[in-house]
Amino acid sequence: MTSLLTAYLLVLLLPLFVASWRVSLAGLSLQGILMAWMVAAHHPAPTADIAVSMLDLALVRGVLVPFALGRVLRAQRRPVREDVIPPNMLSWGVVAGLVMLAFQCASWLHPDPNGEHLQIAVAATGVLLGLFVLASQTGTFSQAVGALRLENAIALFELGSTGHVPLGLRVGQVAVFAGTLLMYAHFVRRIRPAAATVASGRLL
Amino acid sequence: MTASLLLALPLLGALAALWVGRERSVVPSVLVAATNTALGAWLAFAAHAPSGRFWHGYVAVDPTSRLFVLLVNLIFLGVGGHVWSRVREFPELAEGIERVVALALSFLAAANLAILSNHLVVGWLALEATSLAAAPLIARPGSPAAVRAAWGYFLFSSAGLGLTSLGFACLARSVEHAGMEPSFFLDQLRFLVATRPDAWREVGLAFVLLGYGTKLGLAPMYSWLPDAYDEAPPAVTAMLAGVQFNCALVGLFRILEIYRAGEPRLVSVTLVGLGLASMAVSTFSIIATHNYKRLLAYASINHGGVIAIGLGLGGQATYGLVLYVVSNAFIKAILFLSAGKIDDHYRTKDMREVSGLIKDLPASGLFLTVGTFALLGFPPFGSFLGELLILSELMRARYVIVFVGFCALLTVTFVATGRSIFPMIWGPSSHPGPPQGLFTAPVKLVFVVALVTMGVYLPHAVSALFVAVAASLGGS
């Protein structure tokens, strides 16, 4: 579990420093797949609840998210570069500060340093970074990535609970998440970034 | 049975609207809203109306759900009547109307479920479903600004409801840490929260308040609201302000019904802080704007702030709060529907280009006047009494600084709104036109009568329902 959570933390952080929409989508997809792996590792015996969780994490978050958004971006022939956070020292410093803050919060909420402590710390990191991306971006795609990072962090946090939501409602949650994702893709398609202005006139 | 009808009828109406198509599709929406309003009135006031838990405990009929089911269905009926009149007056508006009606009725079904739910997750899912239905209604085809506003609305809705869901998970952990089996059923939660407060509960409650605050358009996550209310068609804005706002408010009421007793200080400080901040940002924005629809949107944020302060105070403010919330729903419906007519006539939302409304559009001018006086909390409207009760509780509870800030912001809002709106109404006639069709007037007239009734004389049955809702919030 610890290695999976460490991998998840890396997947959270790396796309912030690589300004490419493909890497952002790969990061979101890997988050879903890693969470599905955690569920599979924790619950080897399959039940209906686990099946719904796997459907949500592996299929919807791991496959549908990059597919739905990637298809729109490819159709728009978006340039490869797409910053998730502003590419400057201040933003990177804020990211480092947020990671430290998340780990401090986890220590305050769950002082016992076991596996659950790390899970809470990584989920808190995801929440804070998701909010940071949302707050610092104005582009539709980047904002959608921020919101999806937040949703994934919440899903990671909820993995630690013992499952108090009945199966029917879990299916409803998955359906609403899928609907939300499709709505994001719809808006990313409809709101295109302003076309780059073509410089006119000669230089020198 | 009644609860099932309240949910099933709008969904059947949505299918019927898609089936019949064009202008005839508006008829099912009005019929459904009228039937639902009648059911809501029966549920609220009939002696033998069902109450308690239904659908294996997922749905509950209690004073809060009785009041709000009636309120949102009545507002929806008004909006439906407005749309019907507009389509009859301007047949070109019937183009693609069946899609709008189907989405609006799905929105109503989800809104009814959000209010009736006795389970935190069911209420949350229903609220999210209202956002999914409302976003395409805001995004008018051919208007990039409206599409952007719809995106902002949907993004903030998802983020806010995401934070709420995180809050629920934290609250569940708090119960788990106390060694008990967590539950999201509201009636069971009441017993579970009797445990010792811990950090999980505090964090969870803070997330839930922030999440619902976002849905209500409270500061700091309010920036979606002016854009969405400005760009959406007037009927959709009235639906967002009069129906969805109240669904989110019911979600917040449910949380406070359970957790206020255990965390009075956290609830009070957070809500009063959010409320005062919302009043402050809306006041400065009201001063700065020249767009009358945005001004009304900022006034909605201001009202949200007053409601948050009333909720944070509790005690004797609660009855005033209920009165204020109900009045607020009618005021916003009147004002946004009237604003639509004004925009339609003058083809501008700039206040400086609108003048002599009372001569050019007598009916809309009159409704804007009445609505503005109610908005500003003048007697004899219910909003006046509600605000007065909240203010007196502020003094009684010795929140002197908040009282001073509240009064100062209210005064500035009053002056800024009056300075902007009144020249629109009584200035020289700027755009005389043919006599105005009065198709939509009866709807707004009903809302005005309800507003005045709440300020002058509340029938015993209505007053008893308000008292019961206030009592469930811990008020007196």
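Chains as they are written, first to last, in our numbering: chain S, 151 to 354; chain W, 85 to 560.
The beta carbon of each residue, even a glycine, is placed where N, CA and C say it ideally should be.
Item: Run through DSSP, which three-state label would S/T347 get?; Value: With a pLDDT of only 44 at S/T347, under the threshold of 50, the placement of this residue in the model should not be trusted; the figure read from the coordinates follows. Three-state result, S/T347: coil.
Item: Apart from the five residues just before and just after W/S241, which ones in its own chain have a Cβ nearer than 6 Å to its Cβ?; Value: S215
Item: What residue range does the beta strand (DSSP E) around W/G251 cover?; Value: No beta strand (DSSP E) holds W/G251; the alpha helix (DSSP H) holding it covers 228–261.
Item: Any beta-carbon of chain S closer than 7 Å to the one on W/P281?; Value: no
Item: Is W/L102 helix, strand or coil when you go by DSSP?; Value: helix
Item: With a cut-off of 7 Å, does the C-beta of S/L162 fall near any C-beta of chain W?; Value: no
Item: For a contact meaning CB atoms closer than 7 Å, what does S/W258 contact in chain C?; Value: Here the protein chains are S and W, and chain C is not one of them.
Item: Taking the continuous beta strand (DSSP E) assigned at S/G212, which residues delimit it?; Value: Neither: S/G212 is in no beta strand (DSSP E) and is coded neither H nor E.
Item: Can you name the start and end residues of the alpha helix (DSSP H) that W/G455 belongs to?; Value: 446–459
Item: If you draw a straight line from the alpha carbon of S/F167 to that of W/A392, how long is it in whole angstroms?; Value: 40 Å
Item: Are the beta-carbon atoms of W/G396 and W/V356 separated by less than 7 Å?; Value: yes
Item: Would W/A98 pass as an interface residue toward chain S - the criterion being a Cβ-Cβ separation below 7 Å?; Value: no
Item: Can you list, in chain order, the residues of its chain whose CB lies under 7 Å from that of S/W187, leaving out five sequence neighbours each side?; Value: L154
Item: For W/S201, list the residues DSSP reports as bridge partners.; Value: W/V143
Item: Pick helix, strand or coil for W/D314, following the three-state DSSP scheme.; Value: helix
Item: List the whole-angstrom C-beta distance separating S/H314 from W/P266, where the pair is believed to meet the contact cut-off of C-beta under 8 Å.; Value: 5 Å
Item: Using 10 angstroms around the beta-carbon of W/G124, count the other beta-carbons present and answer buried if the total reaches 16, otherwise exposed.; Value: buried
Item: Apply the 10 Å Cβ neighbour rule to W/I474 and answer buried if 16 or more other Cβ atoms are within range, or exposed otherwise.; Value: buried
Item: Contact criterion: CB-CB distance below 7 Å. Does W/Y139 meet it with respect to chain S?; Value: In the sequence as presented, Tyr is not what sits at residue 139 of chain W; that position holds Trp. Output row for W/W139: interface = no.
Item: In angstroms, rounded to a whole number, what distance separates the CA positions of W/G105 and W/A229?; Value: 28 Å
Item: Going by other Cβ atoms of all chains shown within 10 Å of its Cβ, with 16 needed for buried, is W/F451 buried or exposed?; Value: buried
Item: For S/V315, return the contacting residues in chain W, with the cut-off set at a CB-CB distance below 8 Å.; Value: V205, F268
Item: Determine the burial state of W/C254: buried for a count of at least 16 other Cβ atoms within 10 Å of its Cβ, exposed for fewer.; Value: buried
Item: Using the Cβ count rule (16 or more neighbours within 10 Å means buried), how would you classify W/N202?; Value: buried
Item: Please list, in chain order, all residues of the same chain as S/H260 whose beta carbon is under 8 Å from its beta carbon, the five residues on each side excluded.; Value: E266, H267, I270
Item: Go ahead and label W/I485 buried or exposed: buried means 16 or more other beta carbons lie within 10 angstroms of its beta carbon, across all protein chains shown.; Value: exposed
Item: When you compare each of W/A98, W/Y343, W/Y382 to W/R280 by their alpha carbons, which one comes out closest?; Value: W/Y343
Item: Looking at S/Y158 and S/L175, is the spacing between their C-beta atoms short of 7 Å?; Value: no
Item: Does the beta carbon of W/W235 come closer than 7 Å to any beta carbon on chain S?; Value: yes
Item: In terms of alpha-carbon separation, which member of W/L293, W/V110, W/L380 lies closest to W/G359?; Value: W/L293
Item: Measuring only the C-alpha atoms, how far is W/R183 from W/F457?; Value: 36 Å
Item: S/R320 to S/V202, Cα distance in whole Å?; Value: 7 Å
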